[in-house]
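Enquirer: Protein chains in written order, with this note's numbering: chain L, 3 to 277; chain A, 271 to 748.
(1) Can you check the region 554-603 of chain A for any alpha helix (DSSP H) of at least 4 residues that lies completely inside it and give the ranges in chain order?
(2) Which residues, taken in chain order from the region 383-401 of chain A, show a beta carbon closer than 8 Å to some beta carbon of chain L?
(3) Would you say residue 500 (chain A) faces chain L, with C-beta separation under 8 Å as the test?
(4) Is there a Cβ of chain L sitting closer than 8 Å to that of residue 407 (chain A), yes or no?
(5) Judging by CA-CA distance, which residue of L:72, L:170, L:53 and L:107 is the nearest neighbour of residue 137 (chain L)?
(6) Would you call the CB atoms of residue 548 (chain A) and residue 590 (chain A) closer than 8 Å?
(7) What are the start and end residues of the beta strand (DSSP E) that includes residue 113 (chain L)?
(8) Please name the residue or residues paired with residue 181 (chain L) in a DSSP beta bridge.
(9) Would you call residue 407 (chain A) buried or exposed, if buried means 16 or more other Cβ atoms sit within 10 Å of its Cβ?
(10) For residue 536 (chain A), which residues in the same chain have their Cβ closer than 7 Å to its Cβ, ignoring the five residues on either side in sequence?
(11) Among A:671, A:641 and A:706, which has the Cα closest to the Cα of residue 485 (chain A)?
(12) Leaving out five residues on either side along the sequence, give the residues of the same chain with a beta carbon under 7 Å from the beta carbon of residue 601 (chain A).
(13) Out of L:81, L:170, L:89 and L:142, which one is the CA nearest neighbour of residue 230 (chain L)?
(14) Does the CB of residue 423 (chain A) have a neighbour CB from chain L at under 8 Å?
(15) May I ask which residues mark the beginning and end of the beta strand (DSSP E) holding residue 190 (chain L)?
(16) Answer yes or no: do residue 337 (chain A) and residue 280 (chain A) have a C-beta to C-beta separation smaller than 8 Å?
(17) Do we get a CB-CB distance below 8 Å when we pair residue 106 (chain L) with the residues of chain A?
(18) Consider the Cβ of residue 195 (chain L): report whether some Cβ of chain A lies at a distance smaller than 8 Å.
(19) To the nearest whole angstrom, what separates the beta carbons of residue 203 (chain L) and residue 256 (chain L), a pair I think is in contact under 8 Å?
(20) According to DSSP, is residue 771 (chain A) part of a helix, a strand, or is it coil?
(21) With a cut-off of 8 Å on the beta carbons, I'd call residue 303 (chain A) and residue 396 (chain A) a contact; round off their distance for me.
(22) Which residues bound the alpha helix (DSSP H) around residue 719 (chain A)?
(23) Please identify the residue among L:166, L:113 and L:198 whose C-alpha is closest to the C-alpha of residue 91 (chain L).
(24) Between residue 202 (chain L) and chain A, is there a C-beta pair that is closer than 8 Å?
(25) Rounded to a whole number of angstroms, what is the C-alpha to C-alpha distance between residue 680 (chain A) and residue 526 (chain A)?
(26) Here's the rule: buried if 16 or more other CB atoms are within 10 angstroms of the residue's CB, otherwise exposed. What is residue 725 (chain A)?
(27) Verify the CB distance criterion: does residue 426 (chain A) have a CB-CB separation below 8 Å to chain L?
(28) Got a sec? Which residues, its chain only, sit under 8 Å from residue 385 (chain A) by beta carbon, not counting five neighbours each side?
(29) List the DSSP bridge partners of residue 202 (chain L).
(30) Is it true that the region 252-266 of chain L meets the region 190-202 of chain L, where meeting means three or more beta-carbon pairs spaced less than 8 Å apart?
(31) Under DSSP, the beta strand (DSSP E) around residue 242 (chain L) begins and ends at which residues?
(32) Residue 403 (chain A) versus chain L: which residues are under 9 Å apart at the beta carbon?
(33) Within the continuous alpha helix (DSSP H) that includes residue 150 (chain L), where are the two ends?
(34) Can you grab the Cα-Cα spacing for the pair residue 283 (chain A) / residue 570 (chain A), in whole Å?
(35) Just the C-alpha distance for residue 513 (chain A) and residue 507 (chain A), rounded to the nearest angstrom, thanks.
(36) Please report whether the beta-carbon of residue 433 (chain A) lies at a distance below 8 Å from any beta-carbon of chain L.
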């Protein structure tokens with residue numbers, strides 16, 4: 003009896019099987035009806051495009067103007083060479099596509115509008131210039147190539163190192179868009195986690211690095227508010243600037259440099275000065 | 271149309287490089303021989319895993335330049351070894367040779383639909399350069415940098431000055447791209463390399479059919495292969511075969527490795543081949559290593575629970591563990607010289623407190639978002655409606671020893687991913703929308719196999735002596 007029970011095969015009822023197969027059939031029919039029509043469409047599209055050369059394909063995807071600039075950049079910059087890349091407000095992804103299209107040429111990113119607090123106008127110029135800057139932007143010329151000498155014209159040598167936007171920092175004053183009169187106090191804080199103050203705080207006003215002394219002081223409020231920041235005895239900074247009286251509109255950038263060759267830039271802050 | 275044919279021939283030529291290499295690997299590792307189409311699927315995966323991994327190691331450890339001669343020499347090694355080997359691989363157990371009513375029609379239908387879908391995906395891939403985000407940002411860009419420098423330790427990756435997004439992402443697929451371009455002597459025309467990604471779709475379908483037929487029989491296997499072939503996200507979307515994302519390749523390596531280790535004989539060669547695929551996953555994406563660890567853990571658990579076999583005495587586990595450990599060591603060694611930059615960091619530090627507060631902060635949004643994504647018929651059809659019902663009704667099948675790791679490993683992976691979501695600072699919905707569907711692609715093979723096992727559990731809930739006596743029924747092995 004036990005042996006018969008052990009060998010007896012238990013199968014689900016007919017109703018269960020019928021329900022299962024009905025459900026499976028309806029799922030398959032729905033799936034087939036949505037998937038199969040895609041196949042001839044995709045094959046037709048592929049057949050239409052297979053006559054394209056690579057140049058035509060790239061023009062179709064990126065546009066005539068972009069590929070014209072890319073072709074020129076490919077001619078000017080050797081495959082084993084390098085260039086600067088700057089994003090002046092291009093559509094999302096354009097800077098990335100330009101980097102891909104110009105690879106294996108290496109690029110150094112000068113800055114982008116897309117991430118808050120990163121530069122659009124680089125202060126100073128690198129000590130050793132790469133020959134060209136490729137600029138992506140919005141509008142009729144999405145990609146432009148400029149000789150580095152022209153791009154950095156008039157700028158003094160300043161190489162802060164590798165940009166790292168994760169360095170905790172802040173400009174507490176002046177606020178963006180402020181209207182000031184007389185001397186201007188720039189203040190804020192910068193410190194890496196674990197109690198490592200930024201090695202240098204360098205302030206650029208209207209494209210020129212200020213000679214005003216930057217005072218460092220404790221910021222216990224920062225130590226209390228920012229988890230993991232550590233001892234903030236040198237986190238605070240302030241400097242008093244005297245804006246050029248010949249100008250009313252000013253641009254302020256603050257660079258926070260670490261001891262190991264990284265930096266973060268905050269700005270540009272724009273403000274007006276009145277007599 | 272003749273131009274399209276020419277593109278397809280060129281696309282397949284790249285695929286043949288890996289398939290031929292993988293066939294040699296399968297012979298050397300004495301994997302059971304199966305029907306030709308199924309062998310092609312496994313060979314493709316093994317070929318990409320072996321050739322990509324070997325190029326990674328020889329370039330990083332031995333400074334071999336990435337040139338055509340080196341690629342061909344490395345690809346030829348297993349082919350030559352297989353030719354020299356006298357003993358052929360054992361034939362797979364043939365099972366039942368007669369076909370039940372409707373079984374042949376279902377298998378033919380699955381083959382027909384799968385072939386058509388694969389052809390359409392391949393044709394699209396072969397005729398247009400990449401237009402997807404990840405492909406242009408990371409994988410294809412890295413391939414160009416690596417090919418330009420002729421080494422996986424390209425200076426552009428190692429020097430912090432250069433703008434490279436996600437420079438520490440593993441580069442097995444970019445290396446595979448370089449291999450294809452070198453062998454075909456192609457210029458920077460990524461229409462040559464896009465098919466590399468598209469060919470993972472037919473490989474996935476063949477792996478699903480083969481593994482499901484061993485678990486649940488040919489009819490159920492054909493049914494689930496049809497489901498897989500008709501899943502829109504796998505075929506058309508970025509993250510599937512529609513672009514140059516690495517999610518589908520990782521899914522094939524993870525799922526294929528898990529299937530080999532669950533279903534293969536308890537031999538060292540099984541462990542080495544399963545480990546080769548899991549190791550390829552480690553070198554494909556960051557998620558590959560946690561997936562491999564979960565897979566091995568799930569296998570160890572199943573082994574201990576059912577067979578009372580100590581995990582360290584299971585040659586499959588030992589073989590797989592050795593290969594995975596070696597690939598992890600290679601990855602860490604390669605990565606250690608690359609300074610991280612231009613990489614996103616979305617998470618606050620994990621701790622029980624952070625998880626609890628994250629759950630309170632993000633839990634409802636995450637659940638809503640995940641549910642909406644899985645319920646999307648445009649992406650997944652009825653898969654996520656049907657699977658829970660089948661699992662509930664056919665739960666007996668899921669408790670079988672060979673089936674346990676197939677749902678434990680992806681379930682644990684899902685829990686880890688969901689826990690990570692709770693730690694996201696910022697827009698968690700955008701993060702989930704950008705990543706959850708791709709995670710589902712990465713665990714798709716075990717998901718389809720679980721569906722097959724649950725279906726068998728529903729339709730054949732209990733088989734008495736037929737199973738205990740080892741008699742094979744319905745083409746399923748136990």
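In this text, a Cβ means the ideal position worked out from N, Cα and C, and glycines have one as well.
Expert: The short version:
(1) 558-577
(2) Under the 8 Å Cβ criterion, the region 383-401 of chain A contributes 383, 386, 387, 389, 390, 391, 393, 394, 396, 397, 398, 399 and 401.
(3) Residue 500 (chain A) counts as touching chain L.
(4) Residue contact check for residue 407 (chain A) against chain L: a CB pair falls below 8 Å.
(5) L:72
(6) yes
(7) 108-113
(8) L:274
(9) The residue is buried, with at least 16 neighbouring Cβ atoms inside 10 Å.
(10) Cβ neighbours of residue 536 (chain A) beyond the five flanking positions: 584, 585 and 586.
(11) A:671
(12) Contacts found: 440, 552 and 553.
(13) L:170
(14) Output row for residue 423 (chain A): interface = no.
(15) 186-194
(16) no
(17) yes
(18) Interface criterion not met: the Cβ of residue 195 (chain L) is under 8 Å from no Cβ in chain A.
(19) 7 Å
(20) The first residue shown for chain A is 271 and the last is 748, placing residue 771 (chain A) beyond what the model contains.
(21) Contact doesn't hold; Cβ gap of about 30 Å is too wide.
(22) 714-729
(23) Scanning L:166, L:113 and L:198 for the CA closest to the CA of residue 91 (chain L) turns up L:113.
(24) no
(25) 13 Å
(26) Per the 10 Å Cβ criterion, buried.
(27) With 8 Å as the cut-off, residue 426 (chain A) counts as an interface residue toward chain L.
(28) 472
(29) L:259
(30) yes
(31) 238-243
(32) 95 and 98
(33) Where residue 150 (chain L) is concerned, the enclosing alpha helix (DSSP H) stretches over 150-153.
(34) 39 Å
(35) 7 Å
(36) yes
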